[in-house]
Amino acid sequence: MSKRVNGKILIVEDDISFGTMLQKWFERNGFSAQWCSGMQSAQKLLSETTYDMVLSDLRLPDGDGIFVKALHLKIVR
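Numbering that gives the first Met the number 0 numbers the first residue of the sequence shown as 0 and each following residue consecutively.
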């Protein structure tokens with residue numbers, strides 16, 4: 000029997016241990032989750048895949064989470 004997926008989540012977090020912990024938690028709770036560590040990788044993933052939700056750190060080494068969220072909203076619309 001296949002596991003039900005509740006939605007696709009992109010996690011943008013530069014803290015490796017926190018980002019992977021969030022990814023594992025969402026996956027254990029039925030979500031498809033992908034983690035990346037910065038704005039540039041988030042832009043690439045957002046251009047390739049449709050996500051239901053983006054969970055982003057506000058302060059990233061190469062930008063900020065507000066830009067990532069704005070990009071997600073622009074793509075979704």
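Glycine included, C-beta positions come from ideal geometry on N, C-alpha and C.
Closest to residue i by CA distance: which of the options is it?
| i | options | result |
| --- | --- | --- |
| T130 | N28, A32 and K7 | Here the chain covers residues 0 to 76 and nothing more, so residue 130 does not appear. |
| R27 | Q42, S40, I8 and I15 | I8 |
| R58 | G37, F17 and A41 | G37 |
| F17 | G6, N5, G29 and C35 | C35 |
| P60 | Q22, L21 and A41 | A41 |
| G29 | L54, G6, K73 and L72 | G6 |
| Q22 | K43, Q39, V53 and T48 | V53 |
| V4 | E47, D51, I15 and Q39 | D51 |
Thinking C-beta only, is residue j closer than 8 Å to residue i?
| i | j | result |
| --- | --- | --- |
| D13 | D56 | yes |
| V67 | V11 | yes |
| L45 | H71 | yes |
Uninterrupted beta strand (DSSP E) stretches inside the region 1 to 71 (no shorter than 3 residues):
7 to 11, 31 to 35 and 52 to 55
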